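Residue numbers for the sequence shown follow our numbering, so the first one is 113 and each next one is one higher.
Beta carbons are placed, not taken as given, at the ideal position from N, Cα and C, and that holds for glycine.
Note that the structure is predicted; figures quoted are calculated from it, not measured.
A quick write-up on the structure given underneath.
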Amino acid sequence: MNPVASLLTIDGIALNVDAPSRKRAFEELAHLFEKNAGIPHREAFDALNARERLGCTALGGGVAIPHGRIQGLDKIVVAILRTKTPVVFDTPDNRRARLFFGILIPANDEEHYLPVLSTVAALLKDRDIKDKLLNETEPVAICQTISDFVPQEWPADSEEETQDLQNSASA
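Structure follows, in structure tokens:
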């Protein structure tokens with residue numbers, strides 16, 4: 113199972129939310145984090161905004177990965193928000209996003225968040241998966257799409273391990 117699938121629940125997904133601004137979208141993500149992980153709304157909202165001040169988390173193509181660090185959090189938490197209409201980010205190119213992968217990370221985590229971020233990036237690079245995430249109507253279908261996803265470059269797919277499998281199959 114990929115690291116995002118193990119962190120996402122159906123209740124951590126909100127679809128077709130009326131959030132006409134980045135601030136409102138972050139508020140909605142913060143509500144998801146509060147409802148599903150018990151993280152105080154204000155703390156989640158502030159963490160997302162603190163990271164956003166360092167640089168825009170909108171990637172283009174209708175997606176954003178707002179994320180932030182929280183003191184005292186014991187594990188990474190993921191939520192997905194999809195808005196009814198694209199949200200304009202305050203950037204020179206006015207990037208827009210409808211699909212938000214919110215990620216909250218323990219403040220002292222220097223190891224576990226990178227696989228999560230890289231898996232989200234890989235999910236969003238896959239055009240078919242991104243289209244499903246932008247168009248599915250049920251949270252369960254989104255969870256299934258993410259659960260079924262295997263990045264092209266999993267460590268288990270390394271050339272050395274592939275060679276080992278081929279050698280053991282021919283022995």
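Under the DSSP definition of a beta bridge, which residues are partnered with histidine 153?
-> Paired residues: none, contrary to the question.
Express the C-alpha separation of lysine 196 and asparagine 128 in angstroms, rounding to a whole number.
-> Approximately 4 angstroms between the Cα atoms of the pair.
Identify, in the order they occur along the chain, each residue of the same chain with its Cβ nearer than 6 angstroms to the Cβ of asparagine 279, setting aside the five sequence neighbours on each side.
-> Its pLDDT being 32, under 50, asparagine 279 is placed unreliably by the model, and the measurement read from it follows with that caveat. No residues qualify anywhere along the chain.
Candidates Ile217, Pro251, Pro263: which alpha carbon is nearest alanine 156's?
-> Here the closest residue by C-alpha is Ile217.
In this structure, does DSSP put isoleucine 215 in helix, strand or coil?
-> Strand, per DSSP.
To the nearest whole angstrom, what separates the beta carbons of leucine 160 and glycine 214, a pair I think is in contact under 8 angstroms?
-> Rounded, the Cβ-Cβ distance is 7 angstroms, consistent with contact.
Contacts around glycine 174, its chain only, beta-carbon distance under 7 angstroms, and the 5 residues preceding and following it disregarded = Short of 7 angstroms from the beta carbon of glycine 174, and not among the five residues preceding or following it, lie these beta carbons of its own chain, in chain order: Pro198, Arg208, Ala209, Arg210, Leu211, Leu246.
Distance, Cα to Cα, aspartate 205 vs lysine 242?
-> Each residue's Cα considered, the two are about 22 angstroms apart.
Expressed to the nearest angstrom, what Euclidean distance is found between the alpha-carbon atoms of proline 178 and alanine 170?
-> Proline 178 and alanine 170 have their C-alpha atoms some 8 angstroms from each other.
What is the rounded straight-line gap between the Cα of leucine 236 and the Cα of aspartate 130?
-> Those two C-alpha atoms are separated by around 22 angstroms.
Quick one, which of Val232, Leu144, Gln256 has its alpha-carbon nearest proline 263's?
-> Here the closest residue by C-alpha is Val232.
By DSSP, does proline 263 sit in helix, in strand, or in coil?
-> Per DSSP, reduced to three states, the secondary structure at proline 263 is coil, with no helix or strand assignment.
Which runs of the beta strand (DSSP E) spanning at least 3 residues fall entirely within the region 165-213, listed in chain order?
-> The region 165-213 contains these whole beta strand (DSSP E) runs: 170-172, 174-176, 179-182, 189-200.
From glutamate 223 to serine 230, what does the alpha carbon distance come to, in whole angstroms?
-> Take the alpha-carbon of glutamate 223 and the one of serine 230: they are about 12 angstroms apart.
Any idea what DSSP makes of alanine 126, helix, strand or coil?
-> Three-state DSSP puts alanine 126 in a strand.
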